[in-house]
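Before any comments, here is the structure.
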Amino acid sequence: MLEQDETTELIRSAQSGDECAKARLITENAPLIKSVIRRFKGRGIEYDDLYQLGCVGFLKAIKNFSFDFNVRFSTYAVPMILGEVKRYLRDDGYIKVSRTVKTEAAKINAFIASYRGENGKTPSVEEIAEKFGIEPQDVVFTLDSARLPVSIYDGTEDDGSRPIIDRLPSEENENDSIDRIMLKDLISSLPERDRKIILLRYFRGSTQCEVAKLLGVSQVQISRLENKILAMMREEFGEREKSG
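The numbering used here applies: residue 25 is where the sequence shown begins, and numbers increase by one.
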């Protein structure tokens with residue numbers, strides 16, 4: 025992990041056109057990029073392509089970042105990475121239908137049109153299945169597939185206001201996932217003593233007295249330090265929400 029001062033210097037160099045600085049930032053922040061794109065696995069995009077999209081978002085974060093934002097760069101970069109992947113899914117993330125299915129659907133639709141002209145009614149699924157020598161369920165599948173491709177951001181017929189992507193199963197809530205990424209990054213950036221206090225208190229369940237004993241200070245000091253660290257972390261999260 026890069027030190028904060030080193031990160032700052034690399035960002036300034038990258039914004040001035042230093043390609044080596046950009047490459048170094050991407051390399052050092054690869055775990056962050058991967059942690060953001062991981063939730064999009066299984067959406068029909070190759071992992072390498074997802075990583076490339078994440079890198080594009082990361083580079084945009086470098087370009088647009090300002091030290092006047094008063095937030096850590098990684099805090100600013102996560103929504104940019106997330107937005108780049110979402111933008112791709114919105115614009116290019118289509119459910120593909122094979123050419124064979126499309127061809128079969130065209131033949132069935134031609135038969136339906138001809139049947140209507142000759143008989144004045146629509147043929148039943150069973151009649152279509154008999155004509156083409158396939159199972160009735162395959163008729164339904166083929167005709168339904170003919171409506172594709174559709175965007176996963178389009179609404180469904182029964183609820184046009186709710187995009188398909190919202191109906192896809194997800195292992196975790198997106199906001200919770202991003203907050204966990206931010207929290208991990210924030211804790212890792214704390215001074216060693218502060219990091220120990222937070223990890224011992226909130227991840228290992230130690231009492232203030234136990235932490236005080238381990239660090240060789242009083243329980244009162246631990247209480248004051250803990251409150252100060254938590255206040256700083258709340259402020260950092262608040263800044264992230266404003267910038268996001």
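Ideal Cβ placement from N, Cα and C applies to all residues, glycine included.
Other residues of its chain near residue i: CB distance less than 8 Å, five sequence neighbours each side excluded
{"i": "I136", "result": "T146, P147, I152"}
{"i": "Q232", "result": "R225, Q243, I246, S247, E250"}
{"i": "F64", "result": "L74, V109, L113"}
{"i": "A84", "result": "At residue 84 the sequence reads Lys, which differs from the Ala that was named. So the qualifying residues of the chain are M104, E108."}
Same chain, Cβ closer than 7 Å to residue i, five either side skipped, listed in chain order
{"i": "G141", "result": "none"}
{"i": "I57", "result": "Y75, G78, C79, F82, I105"}
{"i": "I221", "result": "V235, I246, L249, E250, I253"}
Whether residue i touches residue j by CB criterion (7 Å)
{"i": "R128", "j": "T166", "result": "The residue asked about is misnamed: residue 128 is Glu in this sequence, not Arg. Going by C-beta atoms, E128 is nearer than 7 Å to T166."}
{"i": "I253", "j": "V235", "result": "no"}
{"i": "I86", "j": "A38", "result": "yes"}
{"i": "E159", "j": "L210", "result": "no"}
{"i": "Y100", "j": "F89", "result": "yes"}
{"i": "V60", "j": "V102", "result": "yes"}
Near the ligand SAH: residue i beta-carbon under 6 Å from a heavy atom
{"i": "E259", "result": "The ligand SAH is not part of this structure, which contains no ligands at all."}
DSSP three-state assignment for residue i, whether helix, strand or coil
{"i": "D162", "result": "helix"}
{"i": "S59", "result": "helix"}
{"i": "S40", "result": "coil"}
{"i": "F89", "result": "coil"}
{"i": "E70", "result": "coil"}
{"i": "V95", "result": "coil"}
{"i": "F156", "result": "helix"}
{"i": "V109", "result": "helix"}
{"i": "E151", "result": "helix"}
{"i": "N53", "result": "coil"}
Exposed unless 16 or more other CB atoms sit within 10 angstroms - verdict on residue i
{"i": "L238", "result": "exposed"}
{"i": "N282", "result": "With the chain represented from 25 up to 268, any question about residue 282 goes unanswered, as that position is not in the structure."}
{"i": "F97", "result": "buried"}
{"i": "T31", "result": "buried"}
{"i": "R36", "result": "exposed"}
{"i": "V164", "result": "exposed"}
{"i": "E27", "result": "exposed"}
Cβ-based neighbour list, residue i, same chain, cut-off 6 Å, excluding 5 preceding and 5 following
{"i": "D218", "result": "I253"}
{"i": "K208", "result": "none"}
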